[in-house]
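Chains as they are written, first to last, in the working numbering: chain A, 1 to 196; chain B, 197 to 392. C-beta: ideal position from N, C-alpha, C; glycine also.
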DNA sequence: CTGAAACATGAACCAGTATTCAACTAGTAT
DNA sequence: ATACTAGTTGAATACTGGTTCATGTTTCAG
């Protein structure tokens, strides 16, 4: 088993501390330069305790990816769903995503790096988002809100947009106004570039 | 110096062979699992010869990123410029990019991984593309082809779309028709999602 | 209280691999 | 021909850092 479940309260605390410490360490140093010893130290635990809960460096990394994947979806999805229609939801979703990225830069890096450390986890993350996204596009089409088109392609295109905007205006640049970026992006998605 | 210039024809051949071998090795195994010894073997050279031309593993990786960054731009940019207008150029550009990715999956992976191995190189790659992209959008706006809007944001958004479509329909999925994907994406960029 | 299971500890181990280096060969200019 | 420079070689080195493990401590059910 990659991750061993603790049986006491003390164990749960240590496990939680290790996960939090790992998020910081991986986020700051990247997978390669992150060290088990440093993760343990950050968590106020010994190296041996690390191996009480995780089989390997990769195991804790995968656990983190799953954890964050869930966090992103649980943060953004409700915001989109709360909107009155798909297109206004778009803007709210992008803004929510940008704010999330700002507050969790480390986590964002980790998901990106999973493309190389744990490709299957990475793929699963984006495929599950794309699936939900495509489904909601189909629904919006049914409601007459959006035009006909290849929803799979659209879902991936919009996801890529979000990810790059998150990188550029969330991780790299702290000053840009998330709402303004989201507005420009949402307008692109809704109306396209063509002059009217 | 990170990369030492050869002084003879023989040296240039070896350097070239090492770069090609490194592209294969990094592409197949990723930065971490790639080995200098294996790169040298693939190139038909000795380990020592590797260090005749490159200071370190990271040095050859950076050299590759720069090399590929150039290749991508030199492949896609002319296709876009050859188009009669910005919007039809968009579709041609996406299709060209998808085809490029298919033919150079390894290279594509390397640029992506540079985000973690050589963040400055990664940033430089996308910033230089975004810059050219934004400039051409401004020009298209001047020509009355596209609407007003934040060109920086648009450039990054469209770049992100391309990258994700490249990943999903270029690297992961060989079967999808690049032209069809490009058409759907270009239509999204030009017209947006809104039903008319 | 008591014993067993869960948990904690960190020095030591060891595998993998980037890098060095001293001896050698090929090429070239004078 | 000679000498000098560029290029080649791969075993040995050096070092990093993930993982193991024997020993000690805490928790808690009965």
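Exercise for the section: Go to residue 5 of chain A, then tell me how far its alpha helix (DSSP H) extends in each direction, as first and last residue. Expected result: Residue 5 of chain A sits at position 5 when you count from the first residue of the first chain. Unbroken run through residue 5 of chain A: none, as it is neither H nor E.
Problem - Neighbour-count burial assignment, residue 25 of chain A, 16 or more Cβ in a 10 Å radius - result: To locate residue 25 of chain A, count along the first chain from 1; it is residue 25. Classification for residue 25 of chain A: buried.
Practice task
Measure from the alpha carbon of residue 57 of chain A to the alpha carbon of each residue in A/74, A/2 and A/196, then state which is nearest.
Solution key: In the first chain, residue 57 of chain A corresponds to position 57, counting from 1. That would be A/2, whose Cα lies nearest to the Cα of residue 57 of chain A.
Practice task
Pull up the distance between the alpha-carbon of residue 182 of chain A and that of residue 39 of chain A, whole angstroms please.
Solution key: For the purposes of this step, residue 182 of chain A is taken as the residue at position 182 of the first chain. For the purposes of this step, residue 39 of chain A is taken as the residue at position 39 of the first chain. Spanning the two alpha carbons is a distance of roughly 36 Å.
Problem - Contact between the stretch 230-246 of chain B and the stretch 168-181 of chain A (3+ Cβ pairs under 8 Å) - result: no
Practice task
With DSSP as the reference, label residue 390 of chain B as helix, strand or coil.
Solution key: As a first step, residue 390 of chain B is located in the second chain; it is residue number 194 there, counting from the start. Reduced to three states, the DSSP call for residue 390 of chain B is strand.
Handout entry: Host alpha helix (DSSP H) of residue 69 of chain A (start-end)
Key = By one-based count along the first chain, residue 69 of chain A stands at place 69. Note, residue 69 of chain A: alpha helix (DSSP H), 57-82.
Practice task
Using a Cβ cut-off of 7 Å, pull out every chain A residue sitting near residue 309 of chain B, in sequence order please.
Solution key: To locate residue 309 of chain B, count along the second chain from 1; it is residue 113. What residue 309 of chain B touches in chain A: 116.
Exercise for the section: Count the C-beta pairs between the stretch 343-354 of chain B and the stretch 122-136 of chain A that are closer than 8 Å, then say yes if the count reaches three, no if not. Expected result: no
Exercise for the section: Please classify residue 210 of chain B: is it buried, with 16 or more other beta-carbons within 10 angstroms of its beta-carbon, or exposed? Expected result: Taking the first residue of the second chain as position 1, residue 210 of chain B is located at position 14. The residue in question, residue 210 of chain B, is buried, as its Cβ has 16 or more Cβ neighbours within 10 Å.
Problem - Rounded Cβ spacing between residue 388 of chain B and residue 189 of chain A (contact assumed at less than 8 Å) - result: Counted from its first residue, the second chain places residue 388 of chain B at position 192. Counted from its first residue, the first chain places residue 189 of chain A at position 189. Contact holds; Cβ gap of about 6 Å.
Handout entry: Range of the contiguous alpha helix (DSSP H) that encloses residue 112 of chain A
Key = Residue 112 of chain A sits at position 112 when you count from the first residue of the first chain. 105-117 is the span of the alpha helix (DSSP H), which, as asked, contains residue 112 of chain A.
Practice task
Count the C-beta pairs between the stretch 103-117 of chain A and the stretch 133-142 of chain A that are closer than 8 Å, then say yes if the count reaches three, no if not.
Solution key: no
Handout entry: Partners in chain A for residue 355 of chain B, counting only beta-carbon separations shorter than 8 Å
Key = Numbered from its first residue, the second chain carries residue 355 of chain B at position 159. Ordered by position in chain A, the residues that pass the 8 Å Cβ test against residue 355 of chain B are 164.
Practice task
Leaving aside the five residues before and after residue 365 of chain B along the sequence, list all residues of the same chain whose C-beta is less than 8 Å from its C-beta, in chain order.
Solution key: As a working note, residue 365 of chain B is residue 169 in the second chain. Counting only Cβ-Cβ distances below 8 Å, and skipping sequence neighbours, we find 294, 372, 374 and 377.
Problem - Exposure label - residue 335 of chain B; buried when at least 16 CB within 10 Å - result: Position 139 of the second chain holds residue 335 of chain B. So residue 335 of chain B ends up on the exposed side.
Problem - C-beta neighbour in chain B for residue 124 of chain A, strict 8 Å - result: Within the first chain, the letter at position 124 stands for residue 124 of chain A. It does not: the Cβ of residue 124 of chain A has no partner Cβ on chain B nearer than 8 Å.
Problem - Unbroken alpha helix (DSSP H) run spanning residue 38 of chain A, endpoints - result: In the first chain, residue 38 of chain A corresponds to position 38, counting from 1. For residue 38 of chain A, the enclosing alpha helix (DSSP H) has its first and last residue at 36-42.
Practice task
Report yes if the C-beta of residue 193 of chain A is less than 7 Å from at least one heavy atom of the ligand COA; otherwise report no.
Solution key: As presented, the structure is devoid of all ligands, the ligand COA included, so that no description of it is given.
Practice task
Mind checking the stretch 248-280 of chain B against chain A and listing, in chain order, the residues whose C-beta falls within less than 7 Å of any C-beta there?
Solution key: none
Problem - Residues, ordered as in the chain, of the stretch 20-40 of chain A that lie near chain B by beta-carbon distance below 9 Å - result: 30, 31 and 32
Practice task
Quick one: which residues of the stretch 138-157 of chain A get their C-beta closer than 7 Å to a C-beta of chain B? List them in chain order.
Solution key: 144, 145, 146, 147, 149, 150, 153, 154, 156 and 157
Problem - Residues that residue 289 of chain B contacts on chain A, provided the C-beta gap is smaller than 8 Å - result: In the second chain, the residue the question calls residue 289 of chain B occupies position 93. Within 8 Å Cβ-Cβ: nothing; residue 289 of chain B doesn't reach chain A, min ~13 Å.
Handout entry: Residues, ordered as in the chain, of the stretch 367-392 of chain B that lie near chain A by beta-carbon distance below 8 Å
Key = 368, 376, 377, 380, 381, 383, 384, 385, 386, 387, 388, 389, 390, 391 and 392
Problem - Member of B/367, B/267, B/347 and B/363 whose CA lies at the smallest distance from the CA of residue 165 of chain A - result: Here residue 165 of chain A corresponds to residue number 165 of the first chain, with the count starting at 1. Considering only alpha carbons, the answer is B/347.
Exercise for the section: To the nearest angstrom, report how far apart residue 300 of chain B and residue 4 of chain A are at their CA atoms. Expected result: As a working note, residue 300 of chain B is residue 104 in the second chain. As a working note, residue 4 of chain A is residue 4 in the first chain. Approximately 41 Å between the Cα atoms of the pair.
Problem - Cα-Cα separation between residue 287 of chain B and residue 207 of chain B, rounded to whole angstroms - result: Counting from one through the second chain, the residue named residue 287 of chain B turns up at place 91. Counting from one through the second chain, the residue named residue 207 of chain B turns up at place 11. Going by C-alpha positions, residue 287 of chain B is about 42 Å away from residue 207 of chain B.
Practice task
Would you mind stating whether residue 261 of chain B and residue 160 of chain A have Cβ atoms separated by less than 8 Å?
Solution key: The residue labelled residue 261 of chain B in the question sits at position 65 within the second chain. The residue labelled residue 160 of chain A in the question sits at position 160 within the first chain. Result no, Cβ atoms of residue 261 of chain B and residue 160 of chain A do not sit closer than 8 Å.
Handout entry: residue 360 of chain B: first and last residue of the uninterrupted alpha helix (DSSP H) it sits in
Key = For the purposes of this step, residue 360 of chain B is taken as the residue at position 164 of the second chain. Residue 360 of chain B -> alpha helix (DSSP H) spans 347-362.
Exercise for the section: Anything in chain A within Cβ reach of residue 283 of chain B, meaning under 8 Å, just list it in chain order. Expected result: Taking the second chain and counting its residues from 1, one reaches residue 283 of chain B at position 87. Result: 193 and 194.
Practice task
Assuming residue 61 of chain A and residue 118 of chain A form a contact by the criterion Cβ under 8 Å, report the distance between their Cβ atoms to the nearest whole angstrom.
Solution key: Looking up residue 61 of chain A in the first chain gives position 61. Looking up residue 118 of chain A in the first chain gives position 118. Yes, they are in contact, since the Cβ atoms of residue 61 of chain A and residue 118 of chain A sit about 6 Å apart, within 8 Å.
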